[in-house]
Every structure is written in C-alpha cells, then in structure tokens.
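Take a look at the structure set out below.
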Amino acid sequence: MSGTATLEEAKSIIEDKSLAEEKLHEELENEDLDIPSHIREARFEELRKQAAEFEGMKDRHHGLYSDLKAEKEFLELTTTEERCVVHFYHVDFRRCDIMDKHLKEIAQKYFETKFARISVDSAKFFVTKLKIQVLPYVICFKKGVVVDRIVGFEELGNTDGFTTTLLERRLGQSGIIEAKGAGDGQKKSTTIFGFGKDKTEDSDSDSDY
C-alpha cells in the first residue's frame, strides 16, 4: 500500500466500492484508453483487496488517535500493526498536550499508519525498558521493531510553536509515513488505473520524567 490515504479517502474506498467499479467501467468505455483485460482485472482485484484491508484497519480504529489504557494494549498494538506511532505522555506536561494535538491531526491524514498514546503512569514497565526519561516521547514501530524515536522538541525547532507539517516531515524520515509534500494539492489528473489524462514560540526546555 502507498501509505498516503487519508481517513476520508479510506472511508470512501470502504463505503463506495461499487462506485469505484463503476468508474473503472466508465474509463474502459473511453476511446482514448486502450487497457488490456489483464490489467483491468488486476486493478479490480487491487481495489477489492484494498477495500478489505481498509475495512480491517477501520475496525482497529485507524485514522483516529487512540488512548491505550494498559501495557497489554500497547504490546498488542505494536506487535500486530505493520506501522504504528505511540506517544508516551504525562497528563500534567503541557508539551505532551501540544504533541497530542499534532498527532491527532496527522492520524487523520495517514490512515494506514496507526497512531496512539499511552500514559507513562500506565506503562511503567515499558518506560523502564525503553529508558524513557524525557517527555514527550514518541516511538515509531514497524512490525514490532523500533525504527525511530522523537524525544522532546529538540528536533522540532525546540519551540512549542512548531507546525504539524514539520512533525510530518520528521516522521517521514523513518518511513513510518510517506509525508505529503506542499505540492500534493496540485496533482496531475489521472484515471483510476493510474494513467495520465491530457502558537507562539516558547523557550521552555523539554520536561524530564
């Protein structure tokens, strides 16, 4: 999968499978497109498979920023999801609230990566095991393996006023998401087959936990 579907795009694919197939049929009738039958059938199968995968992700609350209540939930999430991002937070730390705000927004833009948070008070074993000493602490997992960590705001300009886009780009460095560029809103027109047609800055240090 591309890893770039938004929550709304995923919902559309899940709920409008028949509409997607209708669009495929319409394109086949376009005399400007000469699409071999094996490519057509492969694309149909791809759409059906993607819809099924997205349905499963929707059931697991992809597209939402989940609140994990116990270490068992954290372990299950990180070992079963292909890609996930978990924020270790403390309810009294202001910078954790700021991180939550950005991750909640990003979760809706990258449906195929699961985003969640867990309180350090509910995950004391993993806080020790992962040597978490500074909050906010964000860990990226691929198939249960830690591939990246964002500790505090140092890599985000060391300011409370960093943008969601900056955090997206930082997460994209590890491949946990495929960060959307600024020009993504001006994509070339393509068919469903993929063929082309003619806050203020704050100098506070990160909080030690």
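Taking the working numbering, I'd label the letters of the sequence shown as residues 28 to 236. Beta carbons: idealized from backbone N, C-alpha and C, even for Gly. Predicted, not measured: the structure shown is a model, and the values here were computed from it.
Once the 5 residues before and after residue i are set aside, which same chain residues still bring their CB inside 6 Å of it?
{"i": "Gln135", "result": "Leu34 and Gly90"}
{"i": "Glu132", "result": "Thr191"}
{"i": "Ala206", "result": "Glu195, Arg196 and Gly199"}
According to DSSP, is residue i part of a helix, a strand, or is it coil?
{"i": "Lys169", "result": "strand"}
{"i": "His117", "result": "coil"}
{"i": "Ile219", "result": "Annotation note: pLDDT 39 at Ile219 (below 50); position unreliable, no value reported."}
{"i": "Asp187", "result": "coil"}
{"i": "Leu194", "result": "helix"}
{"i": "Leu91", "result": "coil"}
{"i": "Ser201", "result": "coil"}
{"i": "Ile159", "result": "coil"}
{"i": "Lys224", "result": "Because the pLDDT of Lys224 is 43, which lies under 50, any placement of that residue in the model is unreliable, and the number read from its coordinates should be weighed accordingly. Coil at Lys224, not helix or strand."}
{"i": "Gln213", "result": "In this prediction, Gln213 scores a pLDDT of 44, lower than 50, which makes its location untrustworthy; no coordinate-derived value is stated."}
Going by Cα to Cα distance, which pick from the options is closest to residue i?
{"i": "Val147", "options": "Phe115, Lys158, Thr140 and Gly171", "result": "Phe115"}
{"i": "Phe168", "options": "Leu74, Glu73 and Gly199", "result": "Gly199"}
{"i": "Met84", "options": "Ser149, Arg197, Val178 and Glu36", "result": "Glu36"}
{"i": "Lys156", "options": "Leu102, Phe138 and Ser39", "result": "Leu102"}
{"i": "His88", "options": "Lys99, Ala69 and Lys38", "result": "Lys38"}
{"i": "Arg75", "options": "Phe189, Lys207, Glu42 and Lys128", "result": "Glu42"}
{"i": "Cys123", "options": "Glu205, Ile203 and Thr186", "result": "Thr186"}
{"i": "Met126", "options": "Lys207, Glu205, Glu72 and Val178", "result": "Val178"}
{"i": "Lys128", "options": "Ile204, Pro63 and Phe189", "result": "Phe189"}
Between which two residues does the alpha helix (DSSP H) harbouring residue i extend?
{"i": "Phe153", "result": "Lys151 to Lys156"}
{"i": "Phe101", "result": "Glu98 to Thr107"}
{"i": "Lys141", "result": "Here Lys141 belongs to no alpha helix (DSSP H); instead the beta strand (DSSP E) covers Lys141 to Ser146."}
{"i": "Ala37", "result": "Leu34 to Glu42"}
Please go through the same chain and pick out, in chain order, the residues whose beta-carbon is closer than 7 Å to the beta-carbon of residue i, but skip the five residues on each side of it.
{"i": "Tyr236", "result": "His117, Val147, Ile159, Gln160, Val161 and Leu162"}
{"i": "Ala209", "result": "For Ala209, the predicted model reports a pLDDT of 42, less than 50, meaning its position is unreliable and no value from the coordinates is stated."}
{"i": "Ala32", "result": "Phe138 and Glu139"}
{"i": "Ala97", "result": "Ser149"}
{"i": "Leu183", "result": "Phe189, Leu193, Leu194 and Arg197"}
Which residues in the same chain as residue i place their Cβ atom closer than 8 Å to its Cβ, once the five residues preceding and following it in sequence are excluded?
{"i": "Leu130", "result": "Tyr92, Val112, His114, Phe142, Arg144, Val165 and Leu194"}
{"i": "Thr105", "result": "Cys111, Val113, Phe168 and Gly171"}
{"i": "Glu82", "result": "Ile41"}
{"i": "Asp94", "result": "Ala143, Arg144 and Ile145"}
{"i": "Val154", "result": "Phe115, Val147 and Tyr236"}
Could you round the C-beta distance between residue i and residue j to whole angstroms and report it? I think they count as a contact, below 8 Å.
{"i": "Glu109", "j": "Lys170", "result": "6 Å"}
{"i": "Val172", "j": "Ser201", "result": "Not confirmed; about 11 Å, so no contact."}
{"i": "Thr234", "j": "Phe120", "result": "First, the residue type needs correcting, since residue 234 is Ser and not Thr in the sequence shown. That belief holds up - the Cβ atoms of Ser234 and Phe120 are roughly 5 Å apart, short of 8 Å."}
Is there at least one Cβ from chain B nearer than 8 Å to residue i's Cβ?
{"i": "Lys76", "result": "Included in the structure is just one protein chain, with no chain B present."}
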